[in-house]
Amino acid sequence: MNLSRRTFVAGAAAASLGGCDSLYSSLSRKLAGGIPEKFSRPEGSAIDPDFLFLQRSSFGPAPGDLDRLRARGREAYLDEQLHPERIDDAPCALLVRRFESLHLSPGNLLEFRREVVEDELARATLLRAVFSRRQLFEVLVSFWTDHLNIFQGKGDCAWFKTAEDRDVIRRHALGKFRDLVRASALSPAMLVYLDGRQNHKERPNENYARELLELHTLGVHGGYTQKDVMETARALTGWDLKHKWGRGTVEFHADRHDDGEKTVLGTRLPAGGGAEDLERLLDIVCRHPSTAAHVSAKLCRRFVRDDPSPELVRRVAAKFTETDGDLRETVRETLRALEPGAPRFKRPFRFVVSALRGLAATTQGKREVRQYLERMGEASFQYPTPDGYPDEPEPWHGTLLWRWNFALAMAKGKLEDARIGLPLDAPESLFAHLVGRRPDEGEREALSEAGGPEQALAMVLAGPAFQWY
Amino acid sequence: MNSRRGFLRSLLFGGSETSVVTVFLRGGADGLNLVVPTFEKDYYRLRPTLAVRKTLELDGRFGLHPALEPLHGLYKDARLAIIHAAGSDDDTRSHFEAQDLMERAGRPERGAAGGWLARHLRTKPGSRGAISAVSIGPTLPESLRGAPGACALLSIEQVALPEASPAFTKALEVLYAADGSGPGKAGQATFRLLERINRAKAAAAEGYPDSSFGHSLREVARLLKAEAGLEAACLDLQGWDTHFGQAASFEGLARELAGGLAAFTKDLGSRMERTVVVVMTEFGRRSYENATFGTDHGRGSVMFAVGGPVRGGRVITEWPGLGEDFLEGPGDLAVTIDYRDVLAEIVEKALGNPRAADVFAGYRPAFRGLTA
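If you read the sequences in order, they're chains A and B. Reading the first sequence from the start, the letters are residues 3 to 471 in my numbering. Reading the second sequence from the start, the letters are residues -19 to 352 in my numbering.
What follows is the structure, encoded as structure tokens:
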């Protein structure tokens, strides 16, 4: 990870021989260009269960994914996706490698212009979602990005988010929950975003402590009190970022740490713990039964259904507890519980990415595409409050108009940065490929009345069925 | 279930909610010359060349700049209220700090992240449609950061399906009409919105200033009259940073502001009963003029509020005075009414959001009797 700036510039220069953009666009064509000559489409009148499995464990099936899943079997496919390091993802890695800022330390990031840093991370996020073969990993990155939300608009978060995405979210998305939360607690981004760096023994700042309990671990009804919040804040006093030399480096100031005795959720932290208070605190909150329940309920909602049964949540929480917060096993347990008949409303990011993937589109993740996400209110890392972009459908209902415009623009070839790779075959077959079932009578009628193959494709993407997954 | 009820309500009644329009005077507008304290001898002493000597009488103490004449009628009709010596607690006198702070209306600590209008829209019960909040311009302002259903539009012509043929639109509408789910209903509401916008497109009123500000006001008026579910709109009027030769630009800006607001009020007609326009600026200007016939960054300035819920015809102020002992820092009108007092009263009383305390988290506003 510690590549110097110079190596990178050299690498980028080498990669740009012959015109950077054309090279990358041919690369992304090649990535998407793995369109098989023949691939199966779902054929039933209800959503194909394998298709559903692909939808939930990825940002949407691409041509040929269904055959790959069926050839391997669901368990083996899931196991592979749960071990992203075993999946060769070199083409996607090459696509995002050109973004120099992604590889820099928090301190070095500060040397860049804000717009460059924000733009590169947003582009990389979209490109990975579209092109990575480690789809489940990308979906989990998105889940934990919401769970441990950072808003780039606050202070230096515009720069630090890039490091946090890499060192916190991506490093631990399939690791241990406690490691994830610890990395987040000690990340420059979180210390700035939730004011941890302002938390001194003389003037404790409860902001992070409260969200740690309410959002990151136990959940709002997790059984903690205002006193627990205050005690948690005390245990976290003294963590700050270097101001001058070595900006962006996290350090512990013993002199600002409240070294008295604390009691958090009934457990005593003896006086004199110093920086170790953080470790004890994490043991308490990450292993609390409410945390297992809270995290499991969120996973079940995201991956299984909007209203998961208490039994399901209990089962996943038991796995979480039994494995000491092993996220790989917890997610495996969650995805095994997939059931038909509980469609979820796509958020705008998923809507756009699933269209690009399904149509094997080439894109470089430029503003032209991302501005649709801005318009629909789901630009990456732009959600101000720590609860992250909402997961329930209602807040997103107002985005349909802009989805329809995206569908029309893309299908009619008006988007330069979203070129469809898939040949436009019979509308009904396209519908099945994108939605996971045959169109019903009303849908067939709409497809035939749309006015040509491009309009029919736009009708699929704009219609109600494609808004679900 | 609240959101569903909100939906039904908006479908049935086509909007019965009050909307807010903010006008931000960028650059720090000189409140002392917009609304002149005619009773202050010090005012004339501090501004030998810039003092406005002929004003339009308000309440015996204050007078309007003559270029604001179109607002005088609104004041006399008790539709316009003036809040003087208002501002924020930010004393950096930096445009960006002060504007950001004002648009966020709170330090971005717990519960106060994003803009104040975004927090209002997020905490207000009911669901938001496709264009619940707009700014007219290329980007969203800070005050709408994080707002559901907010979009930056250049004109309402953008609320459309430009690539769709009539046959396509019809077929898509049929598909959504057949879908009984939440998104199905949202789709139907979106088609209704498009129809309303289409009707509004025909009706572009006259009388607005021929400027980007005038254009923006007209677009917002069209959206409001279309009952398209618009709850908040943000407009800017740039150019108030008058360090040099203030008289030259100031009068034109004042004319543009007043002419625009008067045209907007007339254009909206009865819809103005469910609209509040609030005019604010990041800070006022120094009490005394500088060597280049301008004024430097100061503190307190003036706010305006106009609309149905506003109890107008009054200058609301706790006037701090312009004597040496009362001025703040290098010689600035002190801030005696926090701008959040004004905004919070609008949010709670005029817009009916019971959670104003969450919108202005960490601040306890004092209501000033601005609303009826």
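Idealized CB from N, CA, C, for every residue including glycine.
Go to residue i, then tell me how far its beta strand (DSSP E) extends in each direction, as first and last residue.
i: H64/B; result: L60 to G67
i: F254/A; result: V252 to F254
i: V315/B; result: Neither: V315/B is in no beta strand (DSSP E) and is coded neither H nor E.
i: D242/A; result: W241 to L243
i: V141/A; result: It is not in any beta strand (DSSP E) - V141/A instead sits in the alpha helix (DSSP H) that spans Q137 to H149.
If you follow the alpha helix (DSSP H) that residue i is in, where does it begin and where does it stop?
i: E335/A; result: L329 to R338
i: I177/B; result: G162 to A182
i: I286/A; result: E278 to C288
i: S292/A; result: P291 to F305
i: T127/A; result: R116 to F133
i: R294/B; result: Counting along the chain, R294/B falls outside any alpha helix (DSSP H), though it belongs to the beta strand (DSSP E) covering R294 to T297.
i: G240/B; result: Q226 to L248
i: N209/A; result: N209 to E213
i: W470/A; result: Neither: W470/A is in no alpha helix (DSSP H) and is coded neither H nor E.
i: M412/A; result: L402 to A413
i: N110/A; result: P108 to L111
i: E186/B; result: Unbroken run through E186/B: none, as it is neither H nor E.
Measure from the alpha carbon of residue i to the alpha carbon of each residue in the options, then state which is nearest.
i: R72/A; options: S134/A, R43/A, R99/A and L220/A; result: R43/A
i: V0/B; options: A201/B, F273/B, D221/B and F340/B; result: A201/B
i: V266/A; options: D308/A, L220/A and R405/A; result: L220/A
i: D318/B; options: L30/B, G43/B and G86/B; result: G86/B
i: F179/A; options: R330/A, N207/A and R317/A; result: R330/A
i: C94/A; options: V118/A, P190/A, L128/A and E77/A; result: L128/A
i: E262/B; options: E77/B, V322/B and G43/B; result: E77/B
i: L313/B; options: G292/B, R279/B, S161/B and A330/B; result: R279/B
i: L217/B; options: L203/B, E207/B, L210/B and G239/B; result: G239/B
i: L302/B; options: V16/B, P121/B and F4/B; result: V16/B
i: A256/A; options: E140/A, H435/A, G274/A and S60/A; result: G274/A
i: L44/B; options: L152/B, T103/B and L237/B; result: L237/B
i: G343/A; options: R439/A, F133/A and V118/A; result: R439/A
i: A126/A; options: V437/A, E451/A and R369/A; result: R369/A
i: M283/B; options: F230/B, A208/B and V322/B; result: V322/B
Just grab the DSSP bridge partners of residue i for me.
i: K264/A; result: L271/A
i: D216/B; result: F4/B
i: A130/B; result: A113/B
i: P17/B; result: F42/B
i: T261/B; result: L5/B
i: H277/B; result: R265/B
i: S(-1)/B; result: T255/B
i: A285/B; result: A61/B and V258/B
i: V290/B; result: T351/B
i: T364/A; result: R421/A
i: E87/A; result: Paired residues: none, contrary to the question.
i: F347/A; result: W470/A
i: E37/B; result: G43/B
i: K205/B; result: According to DSSP, which records beta bridges pairwise, K205/B is partnered with nothing at all.
Spell out whether any CB of chain D is found under 9 Å from the CB atom of residue i.
i: D159/B; result: In the structure shown, chain D cannot be found, because the protein chains are A and B.
TODO: Check whether the segment 170 to 184 of chain A touches the segment 244 to 260 of chain A, counting contact only when three or more Cβ pairs, one atom from each stretch, lie closer than 8 Å.
DONE: no
Open item on the list: Residues of the segment 375 to 400 of chain A in Cβ contact with chain B at a cutoff of 7 Å, in chain order, please.
Closed with: R377, G379, Y385, P386, T387, P395, E396, P397, H399 and G400
Open item on the list: Closer than 8 Å is the cut-off here; do at least three beta carbon pairs connect the segment 131 to 149 of chain B with the segment 172 to 190 of chain B?
Closed with: yes
TODO: For the segment 451 to 464 of chain A, enumerate the residues whose C-beta is nearer than 9 Å to any C-beta of chain B, in chain order.
DONE: E451, A452, G453, Q457, A460, M461 and A464
Open item on the list: Whether or not the segment 383 to 390 of chain A and the segment 139 to 154 of chain A are in contact is what I'm after, with contact meaning three or more pairs of Cβ atoms, one per stretch, closer than 8 Å; do they touch?
Closed with: yes
TODO: Take every Cβ of the segment 243 to 260 of chain B, pair it with every Cβ of the segment 273 to 288 of chain B, and state whether three or more of those distances are shorter than 8 Å.
DONE: yes
Open item on the list: Whether or not the segment 233 to 243 of chain A and the segment 279 to 291 of chain A are in contact is what I'm after, with contact meaning three or more pairs of Cβ atoms, one per stretch, closer than 8 Å; do they touch?
Closed with: yes
Open item on the list: I want to know whether the segment 419 to 437 of chain A touches the segment 108 to 118 of chain B - three or more CB-CB distances under 8 Å.
Closed with: no
- [ ] Closer than 9 Å, Cβ to Cβ, to anything on chain B: give me those residues from the segment 410 to 434 of chain A, in chain order.
- [x] L410, A411, A413, K414 and K416
Open item on the list: Does the segment 74 to 90 of chain A come into contact with the segment 99 to 112 of chain A, if we say contact requires no fewer than three beta-carbon pairs (one atom in each stretch) closer than 8 Å?
Closed with: no
Open item on the list: Can you pull out the residues from the segment 106 to 128 of chain B whose beta carbon lies closer than 7 Å to at least one beta carbon of chain A?
Closed with: S107, R108, G109, A110, S112, R125, G126 and P128
Task: chain A contacts made by the segment 170 to 192 of chain B, where a contact means CB separation under 7 Å - done: T170
TODO: Could you say if the segment 16 to 28 of chain B and the segment 232 to 250 of chain B meet the contact criterion of at least three C-beta pairs nearer than 8 Å?
DONE: no
Open item on the list: Any C-beta of chain A within less than 8 Å: which residues of the segment 136 to 160 of chain B qualify?
Closed with: V139, L141, P142, E143, A144, S145, A147, F148, K150, A151, L152, V154, L155, Y156, A158 and D159
Task: Stretch-stretch touch, CB-based, cutoff 8 Å, three pairs: the segment 155 to 164 of chain B with the segment 458 to 468 of chain A - done: yes
Open item on the list: Assess contact between the segment 46 to 66 of chain A and the segment 75 to 84 of chain A, defined as three or more Cβ pairs (one per stretch) separated by less than 8 Å. Is contact present?
Closed with: yes
Task: the segment 334 to 342 of chain B contacting the segment 97 to 104 of chain B, beta-carbon criterion three pairs below 8 Å - done: yes
- [ ] Flag this pair as touching only if the segment 283 to 294 of chain A and the segment 205 to 220 of chain A have three or more C-beta atom pairs under 8 Å; answer yes or no.
- [x] yes
Task: the segment 207 to 239 of chain A: positions lying closer than 7 Å to chain B by Cβ - done: N209 and R212
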